[in-house]
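Accompanying notes for the structure given below.
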Amino acid sequence: MTIQAKFKVIYDTDPGVDDAMALYFALAHPDIDVVGITTTFGNVTVEQAATNALYLTAIANREVPVTKGVQTPWYKAPGTPPDFIHGGDGLGNLPSRVATSNQLDPRSSAQFIVDMARANPGEITLVAVGPLGNLATALKLEPNLPELVREVIIMGGTVIEPGNVSPVAEANIWNDPHAADLVFTAGWKLTMVGLDVTHKVVTELAFFKKLAEHHKHIATDTLHHAVEFYATFYSGLHAHLALNPGCFAHDLLAFIYLVNPELFTIENGRVRVGTEGLSQGQTMMNRRDYIAYPHPGWGAEIPSTQVCMQVDSAGCLAVFEKALMSNWLKA
Numbered sequence: 021m022t023i024q025a026k027f028k029v030i031y032d033t034d035p036g037v038d039d040a041m042a043l044y045f046a047l048a049h050p051d052i053d054v055v056g057i058t059t060t061f062g063n064v065t066v067e068q069a070a071t072n073a074l075y076l077t078a079i080a081n082r083e084v085p086v087t088k089g090v091q092t093p094w095y096k097a098p099g100t101p102p103d104f105i106h107g108g109d110g111l112g113n114l115p116s117r118v119a120t121s122n123q124l125d126p127r128s129s130a131q132f133i134v135d136m137a138r139a140n141p142g143e144i145t146l147v148a149v150g151p152l153g154n155l156a157t158a159l160k161l162e163p164n165l166p167e168l169v170r171e172v173i174i175m176g177g178t179v180i181e182p183g184n185v186s187p188v189a190e191a192n193i194w195n196d197p198h199a200a201d202l203v204f205t206a207g208w209k210l211t212m213v214g215l216d217v218t219h220k221v222v223t224e225l226a227f228f229k230k231l232a233e234h235h236k237h238i239a240t241d242t243l244h245h246a247v248e249f250y251a252t253f254y255s256g257l258h259a260h261l262a263l264n265p266g267c268f269a270h271d272l273l274a275f276i277y278l279v280n281p282e283l284f285t286i287e288n289g290r291v292r293v294g295t296e297g298l299s300q301g302q303t304m305m306n307r308r309d310y311i312a313y314p315h316p317g318w319g320a321e322i323p324s325t326q327v328c329m330q331v332d333s334a335g336c337l338a339v340f341e342k343a344l345m346s347n348w349l350k351a
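Residue numbers (the numbering used here): 21 to 351.
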């Protein structure tokens with residue numbers, strides 16, 4: 021009987037509450053090996069993102085290399101982290117933190133991605149759930165990176181679903197649209213897990229309370245606290261979440277796609293990112309590749325992207341809950 025090798029993943033992230041949910045799913049899942057965490061600005065500053073990644077892994081008793089990456093977008097003016105969504109510390113304003121001793125890997129996030137891809141050709145999957153500056157910078161450092169990695173899975177963008185920072189744009193792509201367009205056109209195997217599916221999957225606050233009571237561990241207590249803050253924000257926006265508090269799964273779905281792609285319906289097409297004006301951050305997908313559009317930028321030289329358009333919500337939640345309720349935490 022052949023034993024399937026684990027997916028070797030570099031997790032590019034800006035933790036962030038849903039980032040923390042996704043991280044703990046990845047650490048809990050038996051088929052995922054998180055070989056590194058590369059951090060970026062986004063939900064918080066890159067300094068806070070790195071601090072949170074170190075803290076979340078430490079309290080879960082896991083040793084994973086963590087690096088600090090890009091601090092600002094490539095060209096657009098940097099914005100202010102949305103502390104009203106994730107809290108000033110990114111984890112729902114934790115009342116306190118225990119002391120930890122793990123330290124950052126001294127390499128930049130982009131250099132770490134390149135080093136790991138060169139050392140493990142064809143084996144690394146990049147799961148990127150924040151602005152895409154680290155991946156774009158890594159492409160500049162190593163133009164052959166698309167041939168060196170196994171796959172890239174991005175939580176970001178939207179095709180049909182309205183955006184969450186403008187009517188057409190999702191936050192991760194909007195935060196660094198120039199970097200995103202480079203990543204979408206780089207030529208690697210790329211899957212976009214965007215708002216078209218993430219707005220269909222709600223993780224309920226009641227589950228995180230049950231999870232904390234089941235494990236009685238600082239890691240799940242921390243996650244419960246963070247999700248409670250996050251769910252309060254979403255309850256103020258969406259009537260169905262006000263009635264039954266919870267939050268959209270967002271970043272979590274990138275990892276569920278990795279291990280259970282059959283839960284998603286995919287369309288293939290060229291994707292470009294608007295970089296200016298009202299279309300800034302818009303992920304525009306050509307869904308009619310049989311038309312030779314006269315407008316430049318949509319030719320055969322642009323690679324195709326796999327875009328998640330539908331999702332089995334109940335199936336995703338079952339996969340998530342099975343992993344998190346398993347015996348993955350050490351005392």
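Every residue gets a Cβ at the ideal spot worked out from N, C-alpha and C, and that includes glycine. Note that this is a predicted model, so its numbers are computed, not measured.
On a CA-only basis, which of the options is nearest residue i? Give me that one, please.
{"i": "VAL64", "options": "PHE104, VAL55, LEU146", "result": "PHE104"}
{"i": "TYR44", "options": "ALA269, THR60, THR77, GLU67", "result": "THR77"}
{"i": "PRO323", "options": "GLY297, ILE133, ASP309, GLY108", "result": "ASP309"}
{"i": "LEU202", "options": "THR295, MET41, ASN140, ILE30", "result": "THR295"}
{"i": "ILE238", "options": "THR120, PRO163, PRO50, THR223", "result": "THR120"}
{"i": "ASP32", "options": "LEU152, ASN264, PRO50, PRO115", "result": "LEU152"}
{"i": "GLU162", "options": "ALA80, ASP125, TRP208, HIS198", "result": "TRP208"}
{"i": "GLY89", "options": "GLU83, ASN81, ALA73", "result": "ALA73"}
{"i": "ALA206", "options": "SER186, LEU155, GLU341, HIS106", "result": "LEU155"}
{"i": "ALA251", "options": "GLY107, ALA97, ASN81", "result": "GLY107"}
{"i": "THR59", "options": "GLY256, PRO50, ALA70, ILE52", "result": "ALA70"}
{"i": "ALA25", "options": "ASP53, GLY62, GLN123", "result": "ASP53"}
With residue i as the anchor, note down where its alpha helix (DSSP H) starts and where it stops.
{"i": "ALA80", "result": "Here ALA80 belongs to no alpha helix (DSSP H), and DSSP marks it neither H nor E."}
{"i": "GLN91", "result": "Taken as a continuous stretch (DSSP letters only), GLN91 belongs to no alpha helix (DSSP H), as it is neither H nor E."}
{"i": "VAL37", "result": "37-48"}
Which residues bound the beta strand (DSSP E) around residue i?
{"i": "VAL54", "result": "52-59"}
{"i": "TYR31", "result": "27-33"}
{"i": "VAL339", "result": "Here VAL339 belongs to no beta strand (DSSP E); instead the alpha helix (DSSP H) covers 333-345."}
Which residues does DSSP pair with residue i in a beta bridge?
{"i": "VAL134", "result": "Note: VAL134 sits in no beta bridge, so no partner."}
{"i": "ILE105", "result": "Its beta-bridge partners do not exist; DSSP assigns none."}
{"i": "SER324", "result": "ARG290"}
Any heavy atom of the ligand HEM closer than 7 angstroms to the CB of residue i?
{"i": "VAL64", "result": "For the ligand HEM, the structure offers nothing, since it holds no ligand at all."}
Considering only residues of the segment 149-226, which uninterrupted beta strand (DSSP E) runs meet the minimum length of 3 residues and lie entirely inside it, listed in chain order? 171-175, 210-213, 222-224
3 or more residues per run - each beta strand (DSSP E) lying fully within the segment 248-308: 266-268, 284-293, 303-305
Does the count of Cβ pairs from the segment 301-308 and the segment 335-351 closer than 8 angstroms reach three? no
Take every Cβ of the segment 208-217, pair it with every Cβ of the segment 227-237, and state whether three or more of those distances are shorter than 8 angstroms. no
Any 3 or more C-beta pairs closer than 8 angstroms across the segment 286-295 and the segment 186-197: yes
Touch check for the segment 107-126 and the segment 219-226: three-plus C-beta pairs under 8 angstroms? no
Pairs of beta-carbons, one from the segment 160-177 and one from the segment 107-114, closer than 8 angstroms: are there three or more? no
Using 8 angstroms as the threshold, is the segment 134-141 in touch with the segment 258-274, meaning 3 or more CB pairs across them? no
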